[in-house]
Structures are given as C-alpha cells and as structure tokens.
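What follows is a single structure, written as structure tokens, with notes after it.
Protein chains in written order, with this note's numbering: chain C, 1 to 199; chain B, 1001 to 1337.
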C-alpha cells in the first residue's frame, strides 16, 4: 500500500492525502460527537432514574410520611415554641409563665430579665445554630425550699420543654426576731432557657 | 501559458494551488498510476485500421462494446518531450507549443495526442503523436463504416514508444461512459454502505437519547404528581432535624431538681449549707459542718458525684464551733439514673 502510494504523482498524493485526512477528521469528529451524545444521554438517564424511583417511593409511602411528619411536628411542639410567634412576644409570655409558676409555688419574685438570642448569634460550635432562637429568663426568687421544689416541678412539666441551665441558692440570713421555728428561706437565682423555632 | 486568475486569499495567488488540485483529481480519475480506471473500466479493444479495411473483419468487429482504432505507424509522426514534474500543470500548453514547432502540416491541418509514458527523478517523459487531419478524418470515416452498428463508440490512437496514445478530438465521449458509470455506482454503493454503518452506529445514540427524553418527561410528570408528598417529606426531614437538635440540647442540660434531692439526702443534719450553685454539670456547695472532711467523704460515698474536691482549706468558725467548707463536684450521668 505504501509502495503504491509513493509511486503516485505528487498532486495525486496530495489530493488522496487531503481527502483521507479530511475523512479521518470528519469520522473522528462524528465519533466524538456521537460518543459525547451517548455518554450525555446515559448520564442523564442515570441521574433521572434514582430521582424517579425516590419520588415513586415517596408516593408509595405518602400516608406514612404524613403520619410521621405530624408526629415529629407534635414532638417539636413539645420541645420548642413555634416559629409563628414573635421571639420577643414569646419571651415575654415565657417570663410571665415562669413568674406565675413561682408565685403559685409560694416563691416571691424579686426580679426577672428576658434575653433573646437569635440563632445566628449563638456560638458556632453549637449545632442548633440556624434552627432555634434561645429565650433565656433570669429569675431572682425568695422562698422556702419546698416552694423551690414545686417551682422546679412546674418548670419540668412545662410544654414546650424548658431547661434550667444554672441555679444559685443561698440561705437567706435570719433576722434577730426570727425564732428557731421559722422555716428556712432561700434566695434563688436561676436561668431558664426555652427554644423557639427559627424561620 | 500566462493565465489571469481571480483566485487569491489575503493577497496570495491560489491559482497554482487550484491547478495542482485539479491536476491531482485528474491523475486519480484518469492516470494509470492510481489504477482506478484499470479497475472500473472494461477492457479496451484495439484493432488496426488495416483490419477494418478488409470486409471479412468488418463483419465480426462490432461484437465489442467499444474500440480504439490504431492508425498505421507510417501515417503518424511520433515525438517525445521531457518536462520537470512540477510543470505538469502546464502540460497541455507545453504539448501544444511542442506540436506547433514540430508539425510538418499546416496548423489547421494538424491534430495530435499526448501521454505521459514515464515518471522518473522529478521529470516526466511525454510521448506525442502528430497526424494530418485529413488522415485522421479518413480513418474515422472508415472505422465508422466498418463497424456494423453506427452507435458503437470508437476512438483513434497510435502506438508510440510502446504505449498507445489517443488522438485528441477523435475520441467518442461514450468511450468513458462504462468507466464513469461503474465509478458512479461504486461511489453510490460506498455512500450507501457508509450511511448504513453510520445509521447502525447512531442506533444506540438514538435509543439512549429517546430513553433520556422519556426519563425526563417521566421525571417531570412524577415531580408534578408528587409535589405535595415532597413538601410533606421536606417538612418531616426539617422536623426530624429540629427534634434531634432540641433533644440534644435538653439532654445536655439536666434537670436540677433530682440533684437537689440527692444533695439533701446525702447531707447529714449536722451540716448547714449556706450556698449551693449548679452551672452546667458542676455543683458547688459551701456551709458549716462539724467535720467537713467527713462531709466530703459522705458526698464521695453517695456515688452520684465525681471529682469531689475542696478548692480552699476547711477553716474553723469559732462562733459557730463548726468547720467552714466549700466543695465542688461533678454531676455524673450514672448519678442521674
């Protein structure tokens, strides 16, 4: 073949070479295009298939998903205030509730303060960043130990859940007029935190 | 020889390139070196003019499809010419000039033909035949008469230096028809074969493309149908995540009430607590005890606390006749149970 090609006149060699070269380029380009198109279509199918299967799976378990979503929504209601309520309004309501608990338990509310920490202000290391605002109420209370116990019971039973993150209890000094039968009085400072779902 | 040509690109004259390309195509189609003509053309039938002159042979001659009638050597002037191979694009002009200078006949009475008979070391050797037009016309008339069917194509040629050179102007165009027809048929078959192969190669692509399209349509329909479910699932995932985080948060903050009860239970009546604080899971108590070391030991033995330490030395309060103490300890998860 090579000997045949080499014995050809120069011009014929050029034309044959150029034609064959052009054909090779054309065929290679077509092959590349076809391969790329084939690969693209296969990839597309590969991407769509699991998505369709997932959707069909959702459809098949729609009832269960609905039930589970409702269950988790209820569970969340027991753990955090809903996002529909304004954070400050919710905090104020929480503060009122805690003061009510204290008074019902027999404690005297000496002072209280509300602090709302938006989700983005909370330390980055804490995972609840972006999920919850923290509503913290600091309370100063006076009263007997039994009343403190009743107050803590009320706090632990509250829904949504509340967490007492710090407590400081001091025995209140007795006055000279108090006799030995006067029950012990405590000065309590505690910090109670509730969560609120962020938007 | 000089030619005015409009082929140019950015000032470069492309006429030479065009002529070479055209020559290359001619060499491929008509040249003997490529072999295309020998492959696709039917065998050429040669007969001498003298054979056509006898009546016996004129009866048998028309059986062939076409003829090349060879003129007698005595009627033909044969010449050779050598040219550089690069000058082949001007072959026709060079041959014309050569014939013009060598013909013994008047220019109007001259007809000729040429053929490259040898290519060697960058040069070409051309055989040229020169014939008087009256001789060629007489030979053509004789050949036309001799062939039984008038439409049998023929051409005039002559032998020169071992090669047969055709006479220009005396070649019936139908002589090349079988070759061109075969070539056209071959090209058509090749095109059909290539198209078939291309179609076969395209089948998987078409199939995969259609499959992808079907999947795309199916996905769109499924997405539209399950839009509501997807929203529900999204809400579920979000609620799960939030519940998980909230539970983690509350699990990290233990309820203090049971711990206060444990401290009360572990503290003997002889110990008076002045202050108790819990932050995170660290409990600090301070007060007065008859024997603070005993109280520390009691707290350790209670089992609910770990790392029970006294950050300051126990000191005797003379007024209360008791030791003043401060103890810190860690609330253990086991103690919570």
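Note that beta-carbon positions come from the ideal geometry of N, C-alpha and C, so glycine has one too.
Secondary structure of residue 88 of chain C (DSSP, three-state): helix. In this structure, the alpha-carbon of residue 1120 of chain B lies about 15 Å from that of residue 1032 of chain B.
With contacts defined as CB atoms closer than 9 Å, residue 1034 of chain B and residue 18 of chain C fail to qualify as a contacting pair. At the C-beta level, residue 1027 of chain B and residue 1156 of chain B stay beyond 9 Å of one another. Contact between residue 150 of chain C and residue 106 of chain C is confirmed by a C-beta separation of about 7 Å, below the 8 Å threshold.
Across the region 13-33 of chain C, CB contacts with chain B closer than 7 Å involve 14, 15 and 16, in sequence order along the chain.
In the displayed model, residue 1139 of chain B falls within a helix according to three-state DSSP. Inside the region 1039-1104 of chain B, DSSP marks whole beta strand (DSSP E) runs of 3 or more residues at positions 1046-1048, 1067-1070 and 1077-1084, from first to last along the chain. When the beta-carbon positions are compared, residue 131 of chain C and residue 1275 of chain B stay at least 9 Å from each other. Around residue 1030 of chain B, the same chain offers 1037 as residues with beta carbons nearer than 7 Å, after the five sequence neighbours per side are excluded. The three-state reading of DSSP puts residue 1267 of chain B in coil, since its state is none of H, G, I, E or B. At a cut-off of 9 Å between C-beta atoms, residue 3 of chain C does not count as an interface residue with respect to chain B. The CB of residue 10 of chain C comes closer than 7 Å to the CB of 1085 in chain B, given here in chain order.
Proximity of chain C to residue 1239 of chain B at the Cβ level (cut-off 7 Å) is accounted for by 69, 72, 73 and 76, in chain order.
Beta-bridge partners assigned by DSSP to residue 1286 of chain B: B/1275 and B/1326.
As the crow flies, the alpha-carbon of residue 1154 of chain B is around 32 Å from that of residue 1191 of chain B. Below 8 Å, enough C-beta pairs join the region 1256-1266 of chain B and the region 149-168 of chain C to call them touching: three or more. In this structure, the CA atom of residue 75 of chain C is about 56 Å from the CA atom of residue 1319 of chain B. The alpha-carbon separation between residue 1180 of chain B and residue 1194 of chain B amounts to approximately 21 Å. Cβ contact annotation for residue 171 of chain C (same chain, cutoff 7 Å, sequence separation greater than five): 184 and 186, in chain order. Ranked by Cα distance from residue 1111 of chain B, the first of B/1126, B/1173 and B/1136 is B/1136. With a cut-off of 8 Å on Cβ pairs, the region 1212-1224 of chain B is not in contact with the region 132-140 of chain C, counting fewer than three such pairs. Separation of residue 1125 of chain B and residue 1042 of chain B (C-alpha to C-alpha, rounded to the nearest whole angstrom) is 27 Å. Taking one beta carbon from each stretch, the region 1081-1090 of chain B and the region 1168-1183 of chain B have fewer than 3 pairs nearer than 8 Å; the two do not touch. In this structure, the straight-line span from the alpha carbon of residue 54 of chain C to that of residue 30 of chain C is close to 36 Å. Residue contact check for residue 1211 of chain B against chain C: a CB pair falls below 9 Å. Within the region 138-159 of chain C, the residues whose Cβ lies closer than 7 Å to some Cβ of chain B are 149, 152, 153 and 156, listed in chain order.
Residues of chain C with a Cβ closer than 8 Å to the Cβ of residue 1218 of chain B are, in chain order, 48 and 52. Across the region 1276-1299 of chain B, CB contacts with chain C closer than 7 Å involve 1276, 1277, 1278 and 1279, in sequence order along the chain. The bridge partners DSSP lists for residue 1132 of chain B are B/1110. When beta bridges are read from the DSSP output, residue 189 of chain C appears opposite C/140 and C/168. Below the 8 Å Cβ cutoff, chain C contributes 44, 45, 48, 49 and 52 as neighbours of residue 1215 of chain B, in chain order.
Apart from sequence neighbours up to five positions away, the residues of its chain that approach residue 1066 of chain B with a beta-carbon distance below 6 Å are 1153 and 1175, ordered along the chain.
Against chain C, the beta carbon of residue 1024 of chain B has neighbours under 7 Å at 11, 12, 14 and 15, listed in chain order.
Identification of chain B residues near residue 168 of chain C by a Cβ-Cβ cut-off of 7 Å yields 1277, ordered along the chain. Look at residue 1303 of chain B here: in three-state DSSP terms it is coil, with no helix or strand label.
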